[in-house]
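*Asks:* Sharing a structure with you now.
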Amino acid sequence: MIVVLLFYFLALITVLGALVTAFSKNIVHSAFGLMASMVGVAGLYGYMSADFLAIVQLIVYVGGIVVLILFAVMFTGDIREVKSSNKTVNLLWATPFIAALIGIIIGAEGKVNFVSKTTKLHNTPTTKMIGDSLLSDYVLPFEVVSVLLLAVLLGAVHVARKYKTDER
Amino acid sequence: MSNITEKEVFFDEMTLNMGPHHPSTHGVLRFVLKTDGEILKTAIPDVGFLHRSIEKIAESLPYPQFFPYTDRVDYLAAMNANHAYAVAVEKLLGIEVPERAEYIRVLVAEMNRIASHMVGVGSLASDLGAFTPFLFNLRDREYLYDYLEEMCGARLTYNYLSIGGVHRDLKQETADKILKFVEQGIKNLDEFNRLIAYNKIFLRRLAGVAVVNKKTCIEYGIVGPNLRAAGLKYDVRKDQPYSIYDKLDFDIPVGEAYAASDGGVIGDAYDRFMVRIKEMEQSYKIIKQVLKEIPEGEIQAKVPRKLKPPVGDIYVPTESARGEMGYYIFSDGTDKPWRLKIRTGSFSAMSAFEEISNGYFIADLVSAIGSFDIVAPEVDR
Amino acid sequence: MKPSELLNVIEAEFGDFILESSDQGFDPYIVVEPDALRDVSFFLRDDERMKFDFLRTSLGTDKIDFIESLFVLYSYELKHQLIVKVELSHKNPEVDTVSDIWKAANWYERESYDLLGINYKDHPDLRRLMMPHDWVGHPLLKDYKSPKKYHGMDLYRFNPVLKVTKKKAKKKK
Amino acid sequence: MESITNSLIQSWGITSSTGAQLVSLLVMLAFSAVVLIPFFLPFAGITSWLERRIAGRMQSRVGPNINGPQGFLQWIADGVKAMEKEDLMPDDADKPLFKVAPYFVFMGVGATLVAIPFSEYLVLSDLNVGIFYIISVTSFVTVGILLAGWSSNNKWSLIGGVRSASQMISYEIPTALSILTVVLLTGSLSMQDIVKAQGFWPWQWHISNNPFMIVMFFIFFISALAEGSRTPFDLPEAESELVSGYNTEYSGIRFAMFFLAEWGNLFVIGAMTTVLFLGGWQAPVALQGSIWNTPVQFIIFMTKMSAVVFIVIQLRWTLPRVRVDQLMIICWHYFVPLSLLSILAVTIWMALSYGHSALELGMSIFSAAIWLYFVFLVLFRAVRNFKKTNAKLNLNFLE
Chain W
1 MIVVLLFYFL
11 ALITVLGALV
21 TAFSKNIVHS
31 AFGLMASMVG
41 VAGLYGYMSA
51 DFLAIVQLIV
61 YVGGIVVLIL
71 FAVMFTGDIR
81 EVKSSNKTVN
91 LLWATPFIAA
101 LIGIIIGAEG
111 KVNFVSKTTK
121 LHNTPTTKMI
131 GDSLLSDYVL
141 PFEVVSVLLL
151 AVLLGAVHVA
161 RKYKTDER
Chain G
1 MSNITEKEVF
11 FDEMTLNMGP
21 HHPSTHGVLR
31 FVLKTDGEIL
41 KTAIPDVGFL
51 HRSIEKIAES
61 LPYPQFFPYT
71 DRVDYLAAMN
81 ANHAYAVAVE
91 KLLGIEVPER
101 AEYIRVLVAE
111 MNRIASHMVG
121 VGSLASDLGA
131 FTPFLFNLRD
141 REYLYDYLEE
151 MCGARLTYNY
161 LSIGGVHRDL
171 KQETADKILK
181 FVEQGIKNLD
191 EFNRLIAYNK
201 IFLRRLAGVA
211 VVNKKTCIEY
221 GIVGPNLRAA
231 GLKYDVRKDQ
241 PYSIYDKLDF
251 DIPVGEAYAA
261 SDGGVIGDAY
271 DRFMVRIKEM
281 EQSYKIIKQV
291 LKEIPEGEIQ
301 AKVPRKLKPP
311 VGDIYVPTES
321 ARGEMGYYIF
331 SDGTDKPWRL
341 KIRTGSFSAM
351 SAFEEISNGY
361 FIADLVSAIG
371 SFDIVAPEVD
381 R
Chain B
1 MKPSELLNVI
11 EAEFGDFILE
21 SSDQGFDPYI
31 VVEPDALRDV
41 SFFLRDDERM
51 KFDFLRTSLG
61 TDKIDFIESL
71 FVLYSYELKH
81 QLIVKVELSH
91 KNPEVDTVSD
101 IWKAANWYER
111 ESYDLLGINY
121 KDHPDLRRLM
131 MPHDWVGHPL
141 LKDYKSPKKY
151 HGMDLYRFNP
161 VLKVTKKKAK
171 KKK
Chain U
1 MESITNSLIQ
11 SWGITSSTGA
21 QLVSLLVMLA
31 FSAVVLIPFF
41 LPFAGITSWL
51 ERRIAGRMQS
61 RVGPNINGPQ
71 GFLQWIADGV
81 KAMEKEDLMP
91 DDADKPLFKV
101 APYFVFMGVG
111 ATLVAIPFSE
121 YLVLSDLNVG
131 IFYIISVTSF
141 VTVGILLAGW
151 SSNNKWSLIG
161 GVRSASQMIS
171 YEIPTALSIL
181 TVVLLTGSLS
191 MQDIVKAQGF
201 WPWQWHISNN
211 PFMIVMFFIF
221 FISALAEGSR
231 TPFDLPEAES
241 ELVSGYNTEY
251 SGIRFAMFFL
261 AEWGNLFVIG
271 AMTTVLFLGG
281 WQAPVALQGS
291 IWNTPVQFII
301 FMTKMSAVVF
311 IVIQLRWTLP
321 RVRVDQLMII
331 CWHYFVPLSL
341 LSILAVTIWM
351 ALSYGHSALE
361 LGMSIFSAAI
371 WLYFVFLVLF
381 RAVRNFKKTN
391 AKLNLNFLE
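These protein sequence lines are chains W, G, B and U, in that order. Residue 5 in this note's numbering is what sits at position 5 of the first sequence, and the numbering runs on without skipping anything. Residue 115 in this note's numbering is what sits at position 115 of the second sequence, and the numbering runs on without skipping anything. Residue 37 in this note's numbering is what sits at position 37 of the third sequence, and the numbering runs on without skipping anything. Residue 248 in this note's numbering is what sits at position 248 of the fourth sequence, and the numbering runs on without skipping anything.
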């Protein structure tokens, strides 16, 4: 009962955060909402005993992404003047598509059998398992992702350096 | 990306208001900063918050009564301001000051110069975040103020000098105390240096910052330790000696790129800092000489009750702690000056800021203000 | 160079424009015609015999008959001093700026403008320096009367001592 | 924790699972409310008192000495004063964010206490991702400072907030990398396991595992200073440059929260350093099983931590502040490459020495000798400088 309440509480945080992100007129409030949403997701991971994932979610998204977003937003001039973060365009076309998408999701949710593994995994540390599977079964995707990250890093360095030569 | 010019990227600059009650503007100075992020485009000084119309007041006061106001021009080196005014009026009147009084004047002026430099270098350190060295200096300054208090009864604004002499004689026990303190003071200065002056962070913060070369200094009329840090060996005490400075033996320290190992050049903030430190050593040396050679005798020349200088105008420069302090006095033959103008070191240093500050960080502006040792009432008067 | 020689050289160069020169007082000075101030200044700064590179100070004075603006010059190299004076009319105190010749003059001229109303032509930034930007009048003029109020703030304080003395004076009567 | 919950459930005779969960949730909340906050507040408060006393001693003055014995209760007076003060808010501030920002900072620091082991048994929750957990919750501090800086609608605050964010993002990397070496040595993320992998004697600590760990220790210590924004890295709140940085517009209890968080952070820096590198609570093996074990462990932990805190305080009142560009250069040009190299070196050393316990011990003693030599050098220089100044040693510290 309490556990279910906890779940709904976390889900509420996540959804509310997402709504604030989507509908807030103020970019900083949006970023703040995003953070709440991320924290909610981290809570949901924790709720599902995925402790390592929850912590990584916090480090990467709250400590990294949200801070970077806030950081970037603060460099934007006249944040208060900007009344809407994104313009609402093509409302006519978007509405039926969104409605259809929501319908599909709701329809699918009723047909799929969710298997609960919560009892089995309860209170076992996941760090070791994640590490093991990353370096055994999933070593190829792991390496591919690292190559991708390397490319991103090099690209970032390239962009940053190019700019500097222009400046001086 | 390459076709984006710098101007398009930095299309907007931030206008920051620094002061008048910003912690590192030493009194009430105001800067309007145009910055690009943390990097300064310009820092436009806005002065006048401490304008107390001292020059206007002087026009309605007899010559001797103006002494207390000179204290307020530079509260950190009030004796030097006193001295400057006394020298100017005496030269205008043609009064000969007794030798003992001259010695006492030089003694108090040098003591106050040390006290002023202590605050100058200490507050520079505290602007950079090191608070302890500042308090070390304040501790030593208290001793100096104690002795000055013994001599003239006040600690900050003395009104000690009179036209033609000084108000009270120097007692032998005070002289002994001062001599004893000088020994400890030199040691304490060494302690201060070891604490902060050779600190790597401190060196790196000041080396190459707010460089003012000799040419800029002369153009803007920057004087005193700031000028000497730029490499020009000019000191009013040596070049246009007044009082008994021509009898004394002391050196004039100049900037030699003291922080050269960390990228410093002549005339940077570290040189200004170091020149002040070395000047303190020289002042200690002068105090020792003065106390050794001080003659017995009168301390007050015979001056008429009502001072009526001849018609004319005079400019007398002296060396205050913040550089050349000169009084330009117009006399119309009455006992009040027709017009009196005080030339101060901080004023000219301040006027150069708009040019100096370009291209540095906000944090560097703070160290620049500290290294020029600007005192707000000197700028505004 | 001795002051008398100095003045001779300047008079030889700008004889007509030097209204007065003297080395009898405390400092040698010349009084220059306002129109020739810039030429004289350039000469004083750049000439080999002059080399007045340091503008010690500059100030203005209200001399009732005229307003005087003066520049105290010093040469670091040749170690001589000269005061250059300009006499300006009360009605139109206007003179060319020297702030591009000696950069130090920039603020001094602003100060003189602020306190005495001397108008330096072609000054890059002639604003008030000490007084508030919306202040009326120039305080160092001899006929200046301070306003009683500034933006609703009293500029004069009640002086209890003055009141007592007035009462005593009344009683005596 | 669990045992307490279980015994409570049993003693109250609760059988339903909902009831049991309710009880365990309540116990958790009660624990955090009753134990954590009251523990955190006095610690931060006492640290503030200690800092002011030490600063006073360093600067030839007295410091707070009126309230309570030796001014010990000054922090309570200050806290009460802060609570009584008006909670000012700028007119143009972003009000909800302005209000909520101090809580983020406070929470970010306070939540780290959950995973810090004070002794073998005195730990709130021995999370198996303990050290990661501490890194992750401290990121709330960054968010809080950024929000505080932005929502104040003050340009100085904004610069402070942005400075803080860039500083913390940058220094998180060397911190995490240096923690990673310790994790490598231990093979676990749990704080208790990290402590248990070390021993009582200095050569059994992680710092003296091999010389590269000394490098890592310094990188960690300096980066932790930067993350806690202590001098010489206190740029976000540089009072002489940015007036006070992100907390300029705050007053009353919200301002006090920022400051409590700062001093709490001091404590966290000390505890983390102690746990990761200095052997944590490890007491002599002979004491094991005795009733004195836990108190001795607690005292040992607190002693080491206080030593670290003392050094941090001393650094703050000695060193000037670095500039923004220098701050970034220190991090990206020196610390990041150096810590990457050190990780590599530590890994290689671990692979080489695997199974050779004599080799490991020899290296440990060797590197312990190195850092002890450094400690000796510092002490020697301190004594020499002290003699030079002709000052009299005043051992009457608490006067």
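Ideal Cβ positions, reconstructed from N, Cα and C, are used throughout, including at glycine.
(1) Cβ atoms of residue 296 of chain U and residue 286 of chain U: under 7 angstroms apart, would you say?
(2) Could you check which residue in G/28, G/83, G/65, G/232 has the C-alpha nearest to that of residue 325 of chain G?
(3) Ignore the nearest five residues each way along the sequence and tell me which others in residue 70 of chain G's own chain have a CB closer than 6 angstroms to its CB.
(4) Please check if any C-beta of chain W sits within less than 7 angstroms of the C-beta of residue 334 of chain U.
(5) Does the region 242-251 of chain G come into contact with the region 185-195 of chain G, if we say contact requires no fewer than three beta-carbon pairs (one atom in each stretch) closer than 8 angstroms?
(6) Are the CB atoms of residue 13 of chain G and residue 36 of chain G within a distance shorter than 7 angstroms?
(7) Jot down the residue ranges of each uninterrupted beta strand (DSSP E) in the region 115-155 of chain B, minimum 3 residues, whole runs only, in chain order.
(8) Return the chain-ordered list of same chain residues with a C-beta closer than 7 angstroms to the C-beta of residue 127 of chain B, the five sequence neighbours on each side being excluded.
(9) State the Cα-Cα distance for the pair residue 276 of chain G and residue 117 of chain G, rounded to the nearest angstrom.
(10) Tell whether a beta-carbon distance below 7 angstroms holds between residue 126 of chain W and residue 42 of chain W.
(11) Going by C-alpha distance, which of U/231, U/304, U/299, U/345 is nearest residue 316 of chain U?
(12) Taking the continuous alpha helix (DSSP H) assigned at residue 38 of chain W, which residues delimit it?
(13) Could you check which residue in G/162, G/112, G/175 has the C-alpha nearest to that of residue 300 of chain G?
(14) Tell me which residues of the region 120-149 of chain U have at least one Cβ-Cβ distance to chain W shorter than 9 angstroms, keeping chain order.
(15) Is it buried or exposed for residue 61 of chain U, if we count other Cβ within 10 angstroms and need 16 for buried?
(16) Which ranges would you report for the alpha helix (DSSP H) in the region 63-147 of chain G if only whole runs of at least 4 residues count?
(17) Mapping the DSSP letters down to three states, classify residue 347 of chain G as helix, strand or coil.
(18) Tell me the rounded alpha-carbon separation between residue 20 of chain B and residue 144 of chain B.
(19) Within the same chain, show all residues whose beta-carbon is closer than 7 angstroms to that of residue 87 of chain G, passing over the 5 residues directly before and after it, in chain order.
(20) Do residue 208 of chain U and residue 367 of chain U come within 7 angstroms of each other at the CB atom, strictly closer than that value?
(21) At the 7 angstroms Cβ level, is residue 74 of chain W part of the contact set with chain U, yes or no?
(22) If we define contact as Cβ-Cβ less than 7 angstroms, is residue 84 of chain W a contact residue for chain U?
(23) Assuming residue 49 of chain G is part of the beta strand (DSSP E), what are its boundary residues?
(24) Given that residue 58 of chain U touches chain G, what residues does it touch there, using C-beta distances under 7 angstroms?
(25) So, is residue 121 of chain U buried or exposed, given that buried needs 16 or more other C-beta atoms within 10 angstroms?
(26) What would DSSP say about residue 157 of chain U, mapped onto helix, strand or coil?
(27) Kindly identify the DSSP beta-bridge partner or partners of residue 337 of chain G.
(28) Have a look at residue 168 of chain U and residue 322 of chain U and give me their C-alpha separation to the nearest angstrom.
(29) Measuring only the C-alpha atoms, how far is residue 379 of chain G from residue 66 of chain W?
(30) Nearest chain G C-beta to residue 135 of chain B closer than 7 angstroms, yes or no?
(31) Please list, in chain order, all residues of the same chain as residue 15 of chain W whose beta carbon is under 6 angstroms from its beta carbon, the five residues on each side excluded.
(32) With residue 317 of chain G as the anchor, note down where its beta strand (DSSP E) starts and where it stops.
(33) Under 6 angstroms Cβ to Cβ from residue 92 of chain U, same chain only, skipping five residues before and after it: list those, please.
(34) Output, in chain order, the set of chain G residues within a Cβ distance shorter than 9 angstroms of residue 26 of chain B.
(35) Taking a contact to mean a Cβ-Cβ separation below 7 angstroms, would you say residue 322 of chain G touches residue 221 of chain G in this structure?
(36) How big is the Cα-Cα spacing for residue 56 of chain W and residue 132 of chain U?
*Replies:* According to the structure shown:
(1) No, these two residues do not count as a Cβ contact at 7 angstroms.
(2) Ranking G/28, G/83, G/65, G/232 by Cα distance to residue 325 of chain G puts G/83 first.
(3) When the five nearest sequence neighbours on each side are left out, the beta carbons in the same chain lying within less than 6 angstroms of the beta carbon of residue 70 of chain G are those of 81, 82, 85, in order along the chain.
(4) False, the Cβ-Cβ gap to chain W never drops below 7 angstroms.
(5) As far as the Cβ criterion goes, the region 242-251 of chain G does not touch the region 185-195 of chain G, which means the pair count is below three.
(6) In terms of Cβ geometry, residue 36 of chain G and residue 13 of chain G form a close pair [threshold 7 angstroms].
(7) Here the runs fully enclosed are 119-121.
(8) In the same chain as residue 127 of chain B, and ignoring 5 residues on each side of it, the C-beta atoms closer than 7 angstroms to its own belong to 110, 133, in chain order.
(9) Roughly 6 angstroms between the two C-alpha positions.
(10) Result no, Cβ atoms of residue 126 of chain W and residue 42 of chain W do not sit closer than 7 angstroms.
(11) For the residues U/231, U/304, U/299, U/345, the minimum Cα distance to residue 316 of chain U belongs to U/231.
(12) Segment 27-47, the alpha helix (DSSP H) holding residue 38 of chain W.
(13) Nearest C-alpha to residue 300 of chain G among G/162, G/112, G/175: G/162.
(14) Result list: 127, 128, 129, 132, 133, 135, 136, 137, 138, 139, 140, 142, 143, 146, 147, 149.
(15) With fewer than 16 Cβ atoms within 10 Å of its Cβ, residue 61 of chain U is classed as exposed.
(16) For the region 63-147 of chain G, the full-length alpha helix (DSSP H) segments reaching 4 residues or more read 67-73, 78-93, 99-127 along the chain.
(17) Here residue 347 of chain G sits in helix by DSSP.
(18) Put simply, the backbone Cα of residue 20 of chain B is about 29 angstroms away from that of residue 144 of chain B.
(19) Result list for residue 87 of chain G: 242, 243, 316, 318, in chain order.
(20) Between residue 367 of chain U and residue 208 of chain U, the C-beta gap is smaller than 7 angstroms, which places the two residues in contact.
(21) So yes, residue 74 of chain W belongs to the interface.
(22) Unreliable placement is indicated for residue 84 of chain W, whose pLDDT of 46 sits below 50; the coordinate value is still reported in the next sentence. No, its Cβ sits nowhere closer than 7 angstroms to a Cβ of chain U.
(23) First-last for residue 49 of chain G: undefined, no H or E at that position.
(24) Here the neighbours are 132.
(25) So residue 121 of chain U counts as exposed.
(26) Helix at residue 157 of chain U.
(27) Bridge partners of residue 337 of chain G: G/331.
(28) Separation of residue 168 of chain U and residue 322 of chain U (C-alpha to C-alpha, rounded to the nearest whole angstrom) is 15 angstroms.
(29) The alpha-carbon of residue 379 of chain G is positioned some 47 angstroms away from that of residue 66 of chain W.
(30) So, not an interface residue.
(31) Excluding sequence neighbours, residue 15 of chain W sits near nothing in its chain.
(32) Start and end: 312-320.
(33) The answer, listed in chain order, is 153.
(34) Those are 91, 92, 312, 313, 314, 315, 316, listed as they occur along chain G.
(35) Against a cut-off of 7 angstroms, the Cβ pair of residue 221 of chain G and residue 322 of chain G comes out as no contact.
(36) Approximately 8 angstroms, taken between the alpha carbons.
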